[in-house]
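Quick notes on the structure that follows.
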């Protein structure tokens, strides 16, 4: 079989598609034969062609990855021997690399103690006197350690002694590189016994990195990750060396003869250090040297004839603009703003910033503005209270600077301010809006990057301005729509995508799949602009209501055409805006309830909802489908029964939710040939299903229960399947939570009591099992669900009350999670509200009041205090007997901004009634409270 296999593998490397396809079929057939493993071993160690040896190693690795347990034990043992022999005799580096990855995959299954030959080989090779053998040994060590660091723990001290020696072998940069990568891999797993060795390694590590930078910058850039790893897991080791590490990183970051990637890596280490250890940085007086080193980077002019990436109009959209030293310097200041006290930071930073802003050099002025922009988030309070008008004045003046680069930076700063300095910054709206709009209308449409920045600022103002934006609408809409119109001349490039080189998780089938893999790559700036324009239009429509009417049709038409745009971010934004238009029209109809407004809403929903349903089924990108489901939920939440006026709609939406829960849509078929890891796929699938599930209670609260009942009967089993103890915690929590929300929706839905009553026999066992779950969130959601079941089904489930009450009473004594206790109180109150005579109030109410005030779930206050108010009418003596604890709890609820106004009013009425009708008892209860609670109570009641 060996010769036959070698022939097939050589055909796979031919440039002829037909030959490749035929070879792929033969290979699939060969893989069904158990003799494939020994045959691949023979090719891997015996073929004369390095490319074929490498292919055999890659295929063995994929086989080991997926089917190790199925490989016959004798073949496993011989594979362990053959791979090590092949590795030591191999002369080609790429093949060695593949063989080391094969070993690494085997170590995931075969721990080192079951593979003594591997340990012996590593020991000999890494200590060999031959530099090449040491290099190869360290390559193998690196790959197996990265693959499965934990089983090697007993050997860590020995390894660290080896690293101390290797790091001093400065003439062998490749050995340094693999040594540092391995050190990075084990850092998170080291314990106290390795600490002293780790400490003594740091000075050698710093010297080794300096040498590696001279030898190979891209390897050095990867190796510098070791600092981030040390900071994250073993920060105490590096505290004594922080000044040296900062010095090295600043030297590298400032050295313009080095390439960007290694400078960026060095500067991002500093940002990471400030994030984790800002106090140490201040204590060791490193703030000034850091600022003195990064300011020149921040204000540097690009080479003659070039522009900074953010100032280029044909930004190629490959996302690399964050990977330049200038951005990293700004990021360091951003991180300082988030993690250092503003007084200390501003004292050092402001003089430097002001010097830049006053400079003749446009790039220095730009740097000063960038600096102000990135301070906005972390130092928001400081800027809002102490210096808002002066920084705004600076930025507004710069909007009319003679230099485009400076104007663009001031636009960016304004966007940051509009996001982080609300609400104060909106007070300057009458000055800022005309400037922004003037700026937008004066721009040549080719300056797309600037339009994007202006949209960003506008969008943030719109969220906070509402109706104040009306005077500017006509100008604004003209700009937005022209932005969407650019699509006619947007340069769409097709870029063909080929499977990656060795080292990517490519399957051999993908070799013949080239035809499928030409992907779109679209000019980034155009995409950003369209995405922003869609987002902004949706936002404007929603925040301006009736004033938007004249623009609705033209805006909708433009956005609707974007639903097929090649780039997924634009599609997602278009669907989002379509949803916002529906919600905006619904608001208009509520404010001005004319027949014309109602018809306009129904017409819009009749276009948008079928489009959503169809796209959920056919769209390929999970992210877009999540966006559509979320938007559809928002439309149902806002428009309620109007969304279901069309008789076909209930079935369409229920069925599409069912299909997502059954994983029957195009984006869930897992056909993507990218090497997405399975965990991420699973996470996306779970999120998709959660968005779909969230739609069920929204449908339930929008239509009469009897109409929804047949569809609900289809959907419930799909949720109940996810409540089993074998499912993940996330699944259990989501499914039980959704069932609870469906029951809550049935409380107010017409005919809901009958449907909830009919479901109670199916749902009770699921919810009662959930109450005993080991996870607090699942218990919490189950308790909530039981309370909603009692409330929704009303008298129908009175026979279940004794069982539910005994479950709750045993929980009240055992439960330690505060949120679950709050929900127990809420559930008991729902039971009392629903069937007051079926509850032994003398036992239940004192136990309930003893758990007040609620600690975590503030929403349940509404349920609890409306119930106490009802009981005060129903059983006044019982409530008056508990006046003292009720007053004490109320003193912490009244005036608490986390509790809604309606609940506060209900409670204030109750307290006033206590004060008027039972003043002596009320005064006694109040006077037993601490002073500040007495004050809060009297303030709320006055």
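In the UniProt record's numbering, the protein residues as written are 1 to 942. Beta carbons are placed, not taken as given, at the ideal position from N, Cα and C, and that holds for glycine. Here the structure is a predicted model, which means the values were calculated and not measured.
Which one of the options has the shortest CA to CA distance from residue i?
i	options	result
residue 681	251, 693, 668	668
residue 845	921, 824, 340	824
residue 723	710, 740, 707	740
residue 782	336, 382, 743, 23	743
residue 346	364, 713, 287, 468	287
residue 180	133, 228, 192	228
residue 188	175, 235, 200	235
residue 701	258, 745, 687	745
residue 77	41, 153, 58, 56	41
residue 941	893, 199, 46	893
residue 298	289, 305, 325	325
residue 870	887, 848, 906, 891	906
residue 55	144, 191, 329, 5	5
residue 471	437, 292, 456	437
residue 230	788, 797, 190	190
residue 381	128, 899, 423	423
residue 695	643, 9, 604, 458	643
residue 85	118, 94, 101	118
residue 310	348, 358, 406, 259	406
residue 149	132, 111, 136	111
Could you pull the start and end residues of the alpha helix (DSSP H) that residue i belongs to?
i	result
residue 903	901 to 917
residue 589	568 to 591
residue 108	93 to 109
residue 381	380 to 386
residue 845	841 to 849
residue 339	325 to 339
residue 267	260 to 283
residue 471	Neither: residue 471 is in no alpha helix (DSSP H) and is coded neither H nor E.
residue 86	73 to 89
residue 636	622 to 639
residue 299	Premise fails: residue 299 is in no alpha helix (DSSP H) and is neither H nor E.
residue 227	225 to 233
residue 545	No alpha helix (DSSP H) contains residue 545, which DSSP labels as neither H nor E.
residue 711	705 to 720
residue 422	Counting along the chain, residue 422 falls outside any alpha helix (DSSP H), and DSSP gives it neither H nor E.
residue 643	Element bounds for residue 643: n/a, residue is neither H nor E.
residue 813	801 to 814
residue 617	595 to 618
residue 247	242 to 254
residue 884	883 to 893
residue 852	Per DSSP, residue 852 belongs to no alpha helix (DSSP H) and is neither H nor E.
residue 155	Premise fails: residue 155 is in no alpha helix (DSSP H) and is neither H nor E.
residue 822	818 to 834
Please confirm whether any heavy atom of the ligand NAP lies closer than 7 angstroms to the CB of residue i.
i	result
residue 130	For the ligand NAP, the structure offers nothing, since it holds no ligand at all.
Inter-stretch contact (C-beta, 8 angstroms, three-pair minimum) for the region 234 to 249 and the region 272 to 280: yes
Quick check on the DSSP output: what are the complete alpha helix (DSSP H) runs of length 4 or more inside the region 722 to 758, in order along the chain? 729 to 748
Tell me the start and end of each unbroken alpha helix (DSSP H) in the region 163 to 212 that is at least 4 residues and wholly inside, in chain order. 173 to 187
Contact the region 472 to 483 vs the region 535 to 545: 3+ CB pairs below 8 angstroms: yes
Using a Cβ distance threshold of 8 angstroms, determine whether the region 560 to 568 contacts the region 591 to 604, with at least three qualifying pairs required. no
Three or more C-beta pairs closer than 8 angstroms, one from the region 563 to 579 and one from the region 626 to 636: is that the case here? yes
Are at least three pairs of beta-carbons, each pair with one atom in the region 869 to 886 and one in the region 795 to 804, less than 8 angstroms apart? no
Count Cβ pairs between the region 848 to 857 and the region 803 to 820 that sit closer than 8 angstroms; are there 3 or more? yes
Is the number of C-beta pairs between the region 50 to 66 and the region 16 to 25 that are closer than 8 angstroms three or more? no
Take every Cβ of the region 82 to 102, pair it with every Cβ of the region 33 to 51, and state whether three or more of those distances are shorter than 8 angstroms. yes
Do the region 263 to 270 and the region 324 to 341 touch if we need at least three Cβ pairs shorter than 8 angstroms? yes
What alpha helix (DSSP H) runs, 4 residues minimum, are completely inside the region 2 to 80? 2 to 12, 17 to 30, 36 to 46, 50 to 67
Is the number of C-beta pairs between the region 334 to 342 and the region 390 to 402 that are closer than 8 angstroms three or more? no
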